[in-house]
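Trainee: Quick note: the sequence shown uses the working numbering, first residue 226, plus one each step. C-beta atoms are modelled at their ideal positions from N, C-alpha and C, and glycine is treated no differently. Please see the structure below; I have some questions.
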Amino acid sequence: MAEDWIYGVHALAAALESGEVERMWVARERLRDHRIQSLVGRALQLGIVPEEEAAKVLSKRCHSEQHQGVLARALPQLEPDWQDFLSRLGKDAFLLVLDGVQDPRNLGACLRSAEAAGVHGVILPKDNACGITGAVRKAAAGAASRLPVLRLTNLVRAVEDLQKKGYWVAGLAGDGAQSLYGVDLRGPLVLVLGNEEKGIRRLLQERCDYLLHIPMFGPTESLNVSVAAGIALFEARRQRLAGEALPLASR
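Below you can see the structure in the form of structure tokens.
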């Protein structure tokens, strides 16, 4: 079984606070860095004694040179229970479903935007998609430890469960019939984005209540999935804050 690495200053700080760290290393070349010193101090408070290694040893261990001088091995974590998660959702919760995102930097960026936009949870498929790796944690800058992230076998069934609870499900697709800026994204909402190349899988797309597109004003035909996610997430948040949404005719 592959080890679950956590690296990067922000990712490790969040992991320490969430109780995910089993063992920790610091690069001796970075010991005077005040951020590293702060992490070491917090780890010691939590009963974790960081070990010193050369930076190149950390790079070899986690197969990345992006560790910023800190590396940790994560404790095995229990994933949130789906039914328990459903029962705890508030009246107007806001969720993000990522159907098959493959690139760890894209996934990490989506998680970071989701947290910043106030999303209450992110749902990923267990298969044919990137998991929560060290690279994802680094790109997410701590959001991977703070956000509820659920990896489920059947996203269609999960969406159906949410629809039964009164959630509207909006899929983002280049050929979506309605503009992102012309629908009501307030209330209980599930925003769905798909794979970098293929988009949302057919069965899940068919289960969406409506499909939206981001209007494009130049020759570029599509956006990176993490950019599209950020735009859509913050449009929903803008509406929730300002109450400026246009009514959706089908509601």
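Rounding to the nearest angstrom, what Cα-Cα distance links Ala279 and Gly244 in this structure?
Mentor: Along the sequence shown, one-based indexing puts residue 279 at 54. Along the sequence shown, one-based indexing puts residue 244 at 19. Each residue's Cα considered, the two are about 25 angstroms apart.
Trainee: Give the straight-line distance between the Cα atoms of Ile273 and Trp250, rounded to the nearest whole angstrom.
Mentor: Within the sequence shown, numbered from 1, the residue matching residue 273 stands at position 48. Within the sequence shown, numbered from 1, the residue matching residue 250 stands at position 25. If you take the alpha carbons of Ile273 and Trp250, they lie about 10 angstroms apart.
Trainee: Could you check which residue in Val415, Val408 and Val344 has the C-alpha nearest to that of Ala369?
Mentor: Your numbering for residue 369 matches position 144 in the sequence shown. Out of Val415, Val408 and Val344, the CA that lies nearest to the CA of Ala369 is found in Val344.
Trainee: Could you tell me the distance, in whole angstroms, from the CA atom of Ala383 to the CA atom of Leu414?
Mentor: For this step, residue 383 is matched to residue 158 along the sequence shown. For this step, residue 414 is matched to residue 189 along the sequence shown. Cα to Cα, Ala383 sits roughly 13 angstroms from Leu414.
Trainee: Would the beta-carbon of Arg337 fall within 8 angstroms of that of Ala364?
Mentor: On the sequence shown, residue 337 is found 112 positions in, with the first residue counted as 1. On the sequence shown, residue 364 is found 139 positions in, with the first residue counted as 1. In this structure, Ala364 lies closer than 8 angstroms to Arg337 by Cβ.
Trainee: Check whether the stretch 395-415 touches the stretch 370-377, counting contact only when three or more Cβ pairs, one atom from each stretch, lie closer than 8 angstroms.
Mentor: no
Trainee: The alpha helix (DSSP H) that contains His438, what's its start and end?
Mentor: Residue numbering aside, residue 438 sits at position 213 when the sequence shown is read from its first letter. Per DSSP, His438 belongs to no alpha helix (DSSP H); it is in the beta strand (DSSP E), Tyr435 to His438.
Trainee: Could you work out which residue in Ala240, Glu254 and His288 is closest to Arg267 when comparing CA atoms only?
Mentor: Locating residue 267 in the sequence shown gives position 42, where the first residue counts as 1. Here the closest residue by C-alpha is Ala240.
Trainee: Taking buried to mean at least 16 other C-beta atoms within 10 Å of its own C-beta, is Ser404 buried or exposed?
Mentor: Sequence index remark: in the sequence shown, residue 404 carries index 179 (1-based). Exposed, because fewer than 16 other Cβ atoms sit within 10 Å of the Cβ of Ser404.
Trainee: I'd like to know whether the C-beta atoms of Val326 and Val450 end up nearer to each other than 8 angstroms.
Mentor: Position 101 of the sequence shown, counted from the start, is the residue given in the question as residue 326. Position 225 of the sequence shown, counted from the start, is the residue given in the question as residue 450. Yes, the Cβ-Cβ distance between Val326 and Val450 is below 8 angstroms.
Trainee: Between the C-alpha atoms of Leu375 and Arg260, what's the straight-line distance to the nearest angstrom?
Mentor: Along the sequence shown, read from residue 1 onward, the residue named residue 375 stands at position 150. Along the sequence shown, read from residue 1 onward, the residue named residue 260 stands at position 35. Cα-Cα distance, rounded: 30 angstroms.
Trainee: Report the rounded CA-to-CA distance for Lys316 versus Trp230, giving the unit in angstroms.
Mentor: Counting from one through the sequence shown, the residue named residue 316 turns up at place 91. Counting from one through the sequence shown, the residue named residue 230 turns up at place 5. Cα-Cα distance, rounded: 36 angstroms.
Trainee: Rounded to whole angstroms, what is the Cα-Cα separation between Asp386 and Asn353?
Mentor: Position 161 of the sequence shown holds residue 386. Position 128 of the sequence shown holds residue 353. C-alpha separation (whole angstroms): 22 angstroms.
Trainee: Along the chain, which unbroken stretches of the alpha helix (DSSP H) at least 4 residues long are found entirely within the stretch 249-288?
Mentor: Taken in chain order, the complete alpha helix (DSSP H) segments of 4 or more residues contained in the stretch 249-288 are 259-270 and 280-287.
Trainee: Please return the same chain residues whose Cβ sits closer than 7 angstroms to the Cβ of Leu271, not counting the five positions on each side in sequence.
Mentor: Here residue 271 refers to the residue found at position 46 of the sequence shown. If the five residues before and after Leu271 are omitted, its C-beta is found closer than 7 angstroms to the C-beta atoms of Leu241, all from its own chain and listed in chain order.
Trainee: So who's on the other strand from Ile415, going by DSSP bridges?
Mentor: On the sequence shown, residue 415 is found 190 positions in, with the first residue counted as 1. Note that residue 415 is Val in the sequence shown, not Ile. For Val415, which the question treats as bridged, DSSP gives the partners Leu320 and Val394.
Trainee: Out of Arg255, Glu247 and Leu264, which has the shortest C-alpha to C-alpha gap to His235?
Mentor: Locating residue 235 in the sequence shown gives position 10, where the first residue counts as 1. It is Leu264 whose Cα lies nearest to the Cα of His235.
Trainee: Please report the straight-line C-alpha distance between Arg248 and Glu277, rounded to a whole angstrom.
Mentor: Position 23 of the sequence shown, counted from the first residue, corresponds to residue 248. Position 52 of the sequence shown, counted from the first residue, corresponds to residue 277. Distance between the alpha carbons of Arg248 and Glu277 is about 12 angstroms.
Trainee: Report the residue ranges of all beta strand (DSSP E) runs contained in full by the stretch 350-388; include only those spanning at least 3 residues, in chain order.
Mentor: 374-377, all fully within the stretch 350-388.
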